[in-house]
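A.B. asks: I'd like to ask some things about the structure below.
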Amino acid sequence: GTVLVTGFSGFLGSAVALQLLESGYKVRGAVRSESKAKPRSKKYPQYSSQLEFTYVPDIAAPGAFDKAIEVSGRVQGRLMNTYKAQGVDYVIHTASPLADKCGDPERDMLLPAINGTLSVLKSANRPGSTVKRVVITSSFGAMEDYGQPWNPEHVYTEADWCPISYERAKAEREDQALIYVVAKKEAEQAAFKYMKENKTSFDFVSVLPTTIIGPTVQPVKKLADLPLSCTRIGDFFDTKELPSAPVAPPIVDVADVALCHLRTLEIPEAAGQRYLCGVHGHTPAQVANILRRAFPSEAHRIPEGNDEPWSKDFRWDGSKATRELHIEWTPKEISYAEAGRQWLELDKADRASA
Ligand code: NDP
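Read left to right, the sequence shown gives residues 18 to 371 (the UniProt record's numbering).
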């Protein structure tokens with residue numbers, strides 16, 4: 018089958034695309050422009066016959082995905098020929114604005130996230146569409162009660178929704194992460210509402226990753242090109258104090274998140290489900306020790322931590338994805354070591370070119 022992958026140029030989108038190609042799927046990668054497609058097509062030379070690009074300059078524009086999700090129909094010409102389009106069988110929608118790029122909450126985060134998601138569903142729902150399933154990437158943030166003290170009595174599961182309102186996020190000026198989690202929640206809820214209110218020929222699955230760690234598939238040349246969660250690894254180097262928190266726990270390996278998306282395409286029972294994707298807790302001390310062990314020659318640059326266990330005051334349950342999507346989660350030692358290796362290589366390159 019053919020899969021449209023939105024956000025193809027991104028951290029997750031490129032990892033999803035690679036696994037799809039390796040598994041024999043055809044991939045239509047949605048990128049903003051041709052200049053984004055070129056360096057990426059070079060990355061997959063062995064898959065050139067399976068990979069094509071489509072250009073979506075702005076996911077928030079009305080009808081943004083009409084061209085990317087072609088439908089068959091009749092050409093309105095003199096001959097009234099029937100036109101058979103090269104449609105897609107599946108859509109994996111990873112594109113979404115990120116937390117560090119928000120000036121105006123509604124314009125830059127809330128509306129692009131919601132309208133981008135609805136736009137995918139509307140384009141897939143036109144007559145002549147060949148789409149069988151749409152998978153969207155939501156976020157653990159869409160289920161978490163963001164900013165509240167940890168409650169050891171509560172275990173986060175797919176039954177939870179972030180309780181913060183659209184109006185509060187719209188008025189927020191300081192906390193970009195709050196605006197981001199509300200945008201993810203609103204986009205996911207808008208998708209469920211659309212699916213409830215419309216009779217579609219396709220079904221819908223939502224994947225909710227926790228913080229994603231791991232080496233990138235997309236080309237990166239300098240530290241600034243790394244995804245935000247991976248640049249934070251740098252906080253552990255050349256410091257005497259442990260960083261207060263590397264990234265928000267829980268964490269998950271990028272390849273595991275990609276595999277969750279792939280599996281949701283292949284398991285009929287996934288229809289209409291949400292999947293929390295991530296099982297590992299981590300403390301700054303644990304991350305420091307993982308990096309010290311993985312890179313002995315760099316250990317003098319990294320503070321030492323005690324291997325205290327992950328606090329049980331903040332709890333979540335990723336067992337539904339383990340069970341139903343058959344995921345064996347990559348140990349965090351491997352994810353941090355591989356992301357750390359890439360960070361060190363880029364750090365060296367940055368120093369050399371400074
Ligand atoms: P990236 O920033 O690496 O990728 C985001 C992608 O979306 C890029 O390809 C970007 O294109 C595209 N995009 C964003 N806004 C627009 C727009 N307005 N028009 C067209 N394209 C757009 O992020 P990730 O890969 O990390 O995130 C992928 C998904 O996973 C997102 O939905 C995110 O919310 C979710 N997620 C990520 C987590 C993480 O820790 N990284 C954790 C939980 C969920 P371009 O490169 O051209 O800007």
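Just so you know, even glycine gets a beta-carbon here, dropped at the ideal spot from N, CA and C.
1) Please classify E362 as buried or exposed, where buried requires at least 16 other C-beta atoms within 10 Å of its C-beta.
2) Could you give the distance in angstroms between the alpha-carbon of Y183 and the alpha-carbon of R318?
3) Between E321 and T300, what straight-line distance do the alpha-carbon atoms span, to the nearest angstrom?
4) Taking a contact to mean a Cβ-Cβ separation below 7 Å, would you say V44 touches A34 in this structure?
5) So, under 8 Å CB-CB, T233 and F70 are touching, yes? Tell me the CB distance rounded to an integer number of Å.
6) DSSP three-state call for A316: helix, strand or coil?
7) Which residues mark the beginning and the end of the alpha helix (DSSP H) in which P129 is found?
8) Would a C-beta distance cut-off of 7 Å place V73 and T154 closer than the cut-off?
9) One question on the structure: do A265 and K201 come within less than 7 Å of each other, judged by their Cβ atoms?
10) Do you know offhand how far A316's Cα is from R310's?
11) Tell me, please, which residues DSSP counts as bridged to A47.
12) Mapping DSSP to helix, strand and coil, what is L38?
13) To test your reading of the DSSP string, which unbroken beta strand (DSSP E) runs of 3 or more residues are found completely within the region 265-297?
14) Measure the alpha-carbon distance for D334 versus A371 and round it to whole angstroms.
15) Confirm, please, whether the CB-CB distance from T347 to D273 is below 7 Å.
16) Output yes or no for whether 7 Å exceeds the beta carbon distance between D106 and T19.
17) Which ranges would you report for the alpha helix (DSSP H) in the region 304-348 if only whole runs of at least 4 residues count?
18) Give, in chain order, every unbroken run of the alpha helix (DSSP H) that is at least 4 residues long and sits entirely within the region 160-224.
19) Should T300 be counted as a contact of the ligand NDP given a C-beta to heavy atom distance under 6 Å?
20) Please classify residue 416: is it buried, with 16 or more other beta-carbons within 10 angstroms of its beta-carbon, or exposed?
21) Roughly how many angstroms separate the alpha carbons of R291 and K139, rounded to a whole number?
22) For R150, which residues does DSSP report across the bridge?
23) Please name the residue, chosen from I284, G289 and Q303, that lies closest to F253 on a Cα-to-Cα basis.
24) By Cβ distance, which residues of its chain are closer than 8 Å to A305, with the 5 residues on each side in sequence left out?
25) I need the straight-line Cα distance from E170 to K329, nearest angstrom please.
26) Taking 6 Å as the cut-off, is the C-beta of R49 nearer than that to any heavy atom in the ligand NDP?
27) Alpha carbon to alpha carbon, what distance is there between E51 and A81?
28) Is any non-hydrogen atom of the ligand NDP found closer than 6 Å to the C-beta of T111, if you look at the structure I gave you?
29) Per DSSP, residue 372 forms a beta bridge with which residues?
30) Between which two residues does the alpha helix (DSSP H) holding S113 run?
31) State yes or no: is the C-beta of V222 within less than 7 Å of the C-beta of A287?
C.D. replies: Per the coordinate set shown:
1) exposed
2) 43 Å
3) 12 Å
4) Going by C-beta atoms, V44 is nearer than 7 Å to A34.
5) About 19 Å; that fails the 8 Å criterion.
6) helix
7) L128 to A141
8) no
9) no
10) A316 and R310 have their alpha carbons spaced roughly 7 Å apart.
11) BP columns for A47 point to T23 and T71.
12) L38 falls in the helix class under three-state DSSP.
13) 268-270 and 291-294
14) D334 and A371 have their C-alpha atoms spaced approximately 45 Å apart.
15) yes
16) Yes. Within cutoff.
17) 336-341
18) 183-188 and 193-214
19) no
20) Here the chain has residues from 18 to 371 only, and residue 416 is not among them.
21) A straight line joining the alpha-carbon of R291 with that of K139 spans about 20 Å.
22) Y107 and D220
23) Distance from the Cα of F253 is smallest, within the candidate group I284, G289 and Q303, for Q303.
24) F253, L259, I319, P320, E321 and G322
25) 10 Å
26) yes
27) Distance between the alpha carbons of A81 and E51: 16 Å.
28) yes
29) Lying before the first or after the last residue shown, residue 372 is absent from the chain, which here runs from 18 to 371.
30) Segment: none, S113 is in no alpha helix (DSSP H) and carries neither H nor E.
31) yes
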